Structure formats: C-alpha cells, structure tokens
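Notes follow the structure.
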Amino acid sequence: MSVVSIRFNDDEEEILKNYVKSKGLNLSQYIKNIIFEKIEEEYDLKSVQEYLKAKSEGTLNLIPFEEAIKEWDIE
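In this text, residue positions in the sequence shown follow full-length UniProt numbering: the first is 1, and each later residue adds one.
Here it is as structure tokens:
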C-alpha cells in the first residue's frame, strides 16, 4: 500500500479535521472517497458525451432490454 502526502495550511487542516470529526469519518478514507467520486463523475460524463455523440451522428445502436438479457445469457 502506498502513502501519499498532501500539504495543507493550518486553516485548511483545521477545516478538514473539524468536518470529518463532525461526520464521524476518518480523514484518510474521506479524502480517498472524494478522489474516487471525482473519477466516477468524470467517467460518467465521458460515457454521456460518447452517447450523445453517437446519437447525434446517427450511429447509436440500442437494443430492447429483453434482447440484451438473451444476448448476455442473464435470466
């Protein structure tokens, strides 16, 4: 497991410590959650942009739910 160091000024550190304490959180876990939420948001945005591009170009291929279930062998 790697360790990453983040430098905060005294005011920033105090704000973070007070916030995570008031929420009953661990500072390290809170920061990791924020990072991964941001990554997820960017991934979702990219997916939406790709969908809209395919839709506007007329290359979007949608299949009915029932067909997808059969194709993926999910029952």
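Beta carbons are placed, not taken as given, at the ideal position from N, Cα and C, and that holds for glycine. Computed from a prediction, not measured in an experiment: that's the story for all the values here.
- request: Verify whether the separation of the beta carbon atoms of L27 and L16 is less than 8 Å.
  value: Working through the sequence shown from its first residue, we reach residue 27 at position 27. Working through the sequence shown from its first residue, we reach residue 16 at position 16. Against a cut-off of 8 Å, the Cβ pair of L16 and L27 comes out as a contact.
Bounding residues of the alpha helix (DSSP H) (the contiguous stretch that carries F65): Along the sequence shown, one-based indexing puts residue 65 at 65. Looking at the DSSP string, the run of the alpha helix (DSSP H) that includes F65 is F65 to E71.
- prompt: Which runs of the beta strand (DSSP E) fall wholly inside the stretch 1–51 and span at least 3 residues, in chain order?
  reply: Here no run is fully enclosed.
task: Starting from the C-beta of Y51, find all residues in its chain whose C-beta is less than 8 Å away, skip the five residues before and the five after it, and write them out in chain order.
output: Mapped onto the sequence shown, residue 51 falls at position 51. In its chain, beyond the 5 residues on either side, L60 have a beta carbon closer than 8 Å to the beta carbon of Y51.
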